[in-house]
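Chemist: Numbering-wise, the sequence shown is residues 126 to 562 according to our numbering.
Using N, Cα and C, we set each Cβ at its ideal position, and we do this for glycine too.
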Amino acid sequence: MSVNKAIFDHETRGWVDLIPRRVAKQNLSSDLKTKWLVVGAGFTGLSCARRLAELNPQDKVVIVDAREIGQNASGRNSGYAVAHSHFSGLFKESQLSQYERVDRINQAGLNSLRSLIVDNNIDCDFSDSGIYHTAADNNSSKECDHFIDYLAKRKINHTPLSRVQLEEHLGTKWYKKGVKVENGALVQPAKLVFALADKLPKNVTLYENTPVLKMSKGRVNVLVVPNATITAEKVIMACNYESLAHGQPKQRAVGVTLSGSITRVLSKDELVSLGSQPLWGVLSLHSGGATVRLTSDGRISIRNTAEYNNQTLLTDYQLLKRQQIHRQAFDNRFPQLVHVPFEHLYSGVEGVSANKTNIFEKLSDNLFYAGCYNGSGITKGTAFGMSMAEFACDQKSELLTDCLETAKASWLPPKPFLDIGAWYTTKQRFKGVGKDR
Ligand SMILES: Cc1cc2nc3c(=O)[nH]c(=O)nc-3n(C[C@H](O)[C@H](O)[C@H](O)COP(=O)(O)OP(=O)(O)OC[C@H]3O[C@@H](n4cnc5c(N)ncnc54)[C@H](O)[C@@H]3O)c2cc1C
Numbered sequence: 126m127s128v129n130k131a132i133f134d135h136e137t138r139g140w141v142d143l144i145p146r147r148v149a150k151q152n153l154s155s156d157l158k159t160k161w162l163v164v165g166a167g168f169t170g171l172s173c174a175r176r177l178a179e180l181n182p183q184d185k186v187v188i189v190d191a192r193e194i195g196q197n198a199s200g201r202n203s204g205y206a207v208a209h210s211h212f213s214g215l216f217k218e219s220q221l222s223q224y225e226r227v228d229r230i231n232q233a234g235l236n237s238l239r240s241l242i243v244d245n246n247i248d249c250d251f252s253d254s255g256i257y258h259t260a261a262d263n264n265s266s267k268e269c270d271h272f273i274d275y276l277a278k279r280k281i282n283h284t285p286l287s288r289v290q291l292e293e294h295l296g297t298k299w300y301k302k303g304v305k306v307e308n309g310a311l312v313q314p315a316k317l318v319f320a321l322a323d324k325l326p327k328n329v330t331l332y333e334n335t336p337v338l339k340m341s342k343g344r345v346n347v348l349v350v351p352n353a354t355i356t357a358e359k360v361i362m363a364c365n366y367e368s369l370a371h372g373q374p375k376q377r378a379v380g381v382t383l384s385g386s387i388t389r390v391l392s393k394d395e396l397v398s399l400g401s402q403p404l405w406g407v408l409s410l411h412s413g414g415a416t417v418r419l420t421s422d423g424r425i426s427i428r429n430t431a432e433y434n435n436q437t438l439l440t441d442y443q444l445l446k447r448q449q450i451h452r453q454a455f456d457n458r459f460p461q462l463v464h465v466p467f468e469h470l471y472s473g474v475e476g477v478s479a480n481k482t483n484i485f486e487k488l489s490d491n492l493f494y495a496g497c498y499n500g501s502g503i504t505k506g507t508a509f510g511m512s513m514a515e516f517a518c519d520q521k522s523e524l525l526t527d528c529l530e531t532a533k534a535s536w537l538p539p540k541p542f543l544d545i546g547a548w549y550t551t552k553q554r555f556k557g558v559g560k561d562r
């Protein structure tokens, strides 16, 4: 029996502040038996539960989450639903099949989300208008050249942009150069994840505020939540970096804490100063750089810190400190808007692995794990969730074949070495962010 020592920190900050409050579904208060149990209701778990329900219309599927919907990475991310991953460095012919495989997974996730949004009439500010990748410093400019070369070699539709063109599009002189990848979407993450949870198929039951505290593995899995026990024939863990103590993936993913701020709604004149595009999303070509968006309701959001914080959200004090970094980056980019206050401030924790891969694994005949997307899990998590359902049902699909080829995440040492290693690795990964911060 494994005991979960995670602290499921709750707070309602960030994108959820911008939308009407959602009433959480019930927590589980009496014992139940189920064939299918999904643990974790972010993009991965929700997608997995949906696919399980489609494949097994006669079965009941149960999904539990320790928190309320949206109080996880899925509700707190920056909303870039990427179709094409950015692999840093020079294009390598020998890696072509790897590039293609990863993008097929991204695309499958994007297609699934797009269909769900259209079919269910989901209002989540979905914009299929592509994603900017920009360079603010010399190293990132080199990276921009590599990426443009990569996109050209792979015949991915893209538009290289000079400093002047970027200023015309985005209203900032900050970037030296950039490229717009035309395939990719932006979403309001909290709106999307709320709707995905509220529009689950009828044979799925969701319990929120239901942390799994213990699990014993066997022919059937027995999971203990605060007021009940769940007996499940098959369990899919979609817990990102959190998992049960002694659960094998625990040592392979670690939670890194990111933070960002969102302005008030800009006035018409302020919006005019931001160039020609009605909304946009910028990803940095420095892996530790800022992500900056002009949202469809006319706000700017900026996310530019990442650190190891013992896998927890930032405290109010820490957040206020980080906001000074957000502010500096905002003022650097938009000197015409220095008077515009931030209205929202938030942090979020994301799973990363030491070798930057994801986790897609069958841990035993009736226990599966999908998660850890290193900051890019909207489309990948959706695809991994679907595909994990297929895997658990002994189905075959091209997507499953692609997911199964995911390199194994390397082992991480237990605490306290984990903390030291994670702190150091995160520092290294974000070293030299410089102007891109
Ligand atoms: C600030 C930030 C910005 C990001 N920006 C982007 C972006 O722009 N684009 C992008 O693609 N990705 C982005 N990401 C990453 C992306 O959000 C994640 O990869 C993705 O949401 C992971 O989804 P998930 O369902 O696997 O995990 P999560 O959303 O973390 O969900 C896992 C769930 O499991 C639950 N859980 C854990 N343990 C238990 C337990 N024992 N019992 C019950 N429930 C449990 C948790 O409560 C949680 O709700 C960002 C992440 C952050 C934090």
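Which word fits G385, buried or exposed, when buried means at least 16 other C-beta atoms lie within 10 angstroms of its C-beta?
Modeler: Within the sequence shown, numbered from 1, the residue matching residue 385 stands at position 260. Burial call: buried.
Chemist: Out of E307, V227 and N246, which has the shortest C-alpha to C-alpha gap to H258?
Modeler: Here the question's residue 258 lines up with position 133 in the sequence shown. Measuring from the Cα of H258, the nearest candidate turns out to be E307.
Chemist: Ordered along the chain, which non-local residues of its own chain (more than five positions away) have a Cβ less than 6 Å from that of D544?
Modeler: Taking the first residue of the sequence shown as position 1, residue 544 is located at position 419. Excluding positions up to five away in sequence, the list is empty.
Chemist: Please give me, in chain order, every unbroken run of the alpha helix (DSSP H) with length at least 4 that falls completely inside the segment 129 to 203.
Modeler: Segments of the alpha helix (DSSP H) lying fully in the segment 129 to 203: 168 to 180 and 198 to 201.
Chemist: Just the C-alpha distance for F279 and L408, rounded to the nearest angstrom, thanks.
Modeler: Position 154 of the sequence shown, counting from 1, holds the residue named residue 279. Position 283 of the sequence shown, counting from 1, holds the residue named residue 408. For the sequence presented, residue 279 should be read as Arg rather than Phe. Cα-Cα distance, rounded: 20 Å.
Chemist: Report yes if the C-beta of P466 is less than 7 Å from at least one heavy atom of ligand 1; otherwise report no.
Modeler: Residue mapping note: residue 466 aligns to position 341 of the sequence shown, counting from 1. Checking every heavy atom of ligand 1 against the Cβ of P466, none is found closer than 7 Å.
Chemist: Express the C-alpha separation of E358 and M126 in angstroms, rounding to a whole number.
Modeler: Start at 1 with the first residue of the sequence shown, and residue 126 comes out as number 1. Start at 1 with the first residue of the sequence shown, and residue 358 comes out as number 233. Note that M126 scores 49 on pLDDT, short of 50, meaning its location in the model is unreliable and no value can be drawn from it.
Chemist: Here's the rule: buried if 16 or more other CB atoms are within 10 angstroms of the residue's CB, otherwise exposed. What is A547?
Modeler: For the purposes of this step, residue 547 is taken as residue 422 along the sequence shown, with counting starting at 1. By the neighbour-count rule (16 or more Cβ atoms within 10 Å), A547 is buried.
Chemist: Check Y332 in the structure and name its three-state DSSP category.
Modeler: Counting from 1 along the sequence shown, the entry for residue 332 is found at position 207. Y332 falls in the strand class under three-state DSSP.
Chemist: Please report the straight-line C-alpha distance between G510 and T526, rounded to a whole angstrom.
Modeler: By one-based count along the sequence shown, residue 510 stands at place 385. By one-based count along the sequence shown, residue 526 stands at place 401. Distance between the alpha carbons of G510 and T526 is about 14 Å.
Chemist: What I want to know is whether the C-beta of E475 ends up closer than 7 Å to one or more non-hydrogen atoms of ligand 1.
Modeler: Taking the first residue of the sequence shown as 1, we reach residue 475 at position 350. Yes.
Chemist: Thinking V318 and S199 are a contact (beta carbons under 8 Å), I'd like their distance in whole angstroms, please.
Modeler: Reading the sequence shown from its first residue, position 193 is the one you call residue 318. Reading the sequence shown from its first residue, position 74 is the one you call residue 199. About 5 Å separates the two Cβ atoms, so the contact holds.
Chemist: Does the Cβ of A322 have 16 or more other Cβ atoms within 10 Å, making it buried, or fewer, making it exposed?
Modeler: Against the sequence shown, residue 322 aligns to sequence position 197. Per the 10 Å Cβ criterion, buried.
Chemist: Give me the Cα-Cα distance between A431 and T382, rounded to the nearest whole angstrom.
Modeler: Numbered from its first residue, the sequence shown carries residue 431 at position 306. Numbered from its first residue, the sequence shown carries residue 382 at position 257. Whole-angstrom Cα-Cα distance: 6 Å.
Chemist: For D456, which residues of its own chain have a beta-carbon under 6 Å away from its beta-carbon, when the five flanking residues on both sides are left out?
Modeler: Stepping through the sequence shown from its first residue, residue 456 is reached at position 331. Here the set comprises V463.
Chemist: Pick from T550, T159 and L153: whose alpha carbon is nearest that of N434?
Modeler: For the purposes of this step, residue 434 is taken as residue 309 along the sequence shown, with counting starting at 1. Selected option, being the one with the closest Cα: T550.
Chemist: Classify A514 as helix, strand or coil using the three-state DSSP reduction.
Modeler: Against the sequence shown, residue 514 aligns to sequence position 389. Reduced to three states, the DSSP call for A514 is helix.
Chemist: Helix, strand or coil, according to DSSP, for M126 in the structure here?
Modeler: As a first step, residue 126 is located in the sequence shown; it is residue number 1 there, counting from the start. Because the pLDDT at M126 is just 49, under 50, the model does not fix this residue reliably, and the value given afterwards should be weighed accordingly. M126: coil per DSSP, three-state reduction.
Chemist: Which partner residues of E486 appear in the DSSP bridge assignment?
Modeler: Here residue 486 corresponds to residue number 361 of the sequence shown, with the count starting at 1. Its beta-bridge partners are Y494.
Chemist: Identify, in the order they occur along the chain, each residue of the same chain with its Cβ nearer than 6 Å to the Cβ of S535, setting aside the five sequence neighbours on each side.
Modeler: Counted from its first residue, the sequence shown places residue 535 at position 410. Once the five neighbours on either side are set aside, the close Cβ partners of S535 are A479 and N480.
Chemist: Do A353 and K301 have their C-beta atoms within less than 8 Å of each other?
Modeler: By 1-based counting over the sequence shown, the position of residue 353 is 228. By 1-based counting over the sequence shown, the position of residue 301 is 176. For A353 and K301, no; Cβs fall outside 8 Å.
Chemist: Tell me whether K552 is buried or exposed, calling it buried when 16 or more other Cβ atoms sit within 10 Å of its Cβ.
Modeler: Here residue 552 is taken as the residue at index 427 of the sequence shown, counted from 1. Flag for K552 reads exposed.
Chemist: Once the 5 residues before and after N346 are set aside, which same chain residues still bring their CB inside 7 Å of it?
Modeler: The residue you call residue 346 lines up with position 221 of the sequence shown. Excluding positions up to five away in sequence, the list reads M340, A357, V360, N491 and L492.
Chemist: So, under 8 Å CB-CB, R562 and G414 are touching, yes? Tell me the CB distance rounded to an integer number of Å.
Modeler: Reading the sequence shown from its first residue, position 437 is the one you call residue 562. Reading the sequence shown from its first residue, position 289 is the one you call residue 414. The pair is a contact, with the Cβ atoms about 6 Å apart (cut-off 8 Å).
Chemist: Strictly by DSSP, which residues pair up with N346?
Modeler: Here the question's residue 346 lines up with position 221 in the sequence shown. For N346, which the question treats as bridged, DSSP gives the partners A357.
Chemist: Go ahead and label V107 buried or exposed: buried means 16 or more other beta carbons lie within 10 angstroms of its beta carbon, across all protein chains shown.
Modeler: An answer regarding residue 107 cannot be provided, because it is not within the stretch 126 to 562 covered by the chain.
Chemist: Output the residue ranges of the beta strand (DSSP E) runs that lie fully inside the segment 389 to 463 and measure 3 residues or longer, sorted by chain position.
Modeler: For the segment 389 to 463, whole beta strand (DSSP E) runs of length 3 or above, ordered along the chain, are 405 to 409, 416 to 419 and 425 to 432.
Chemist: Check each candidate in C364, K521 and G380 and name the one with the smallest Cα separation from G506.
Modeler: For this step, residue 506 is matched to residue 381 along the sequence shown. Here the closest residue by C-alpha is C364.
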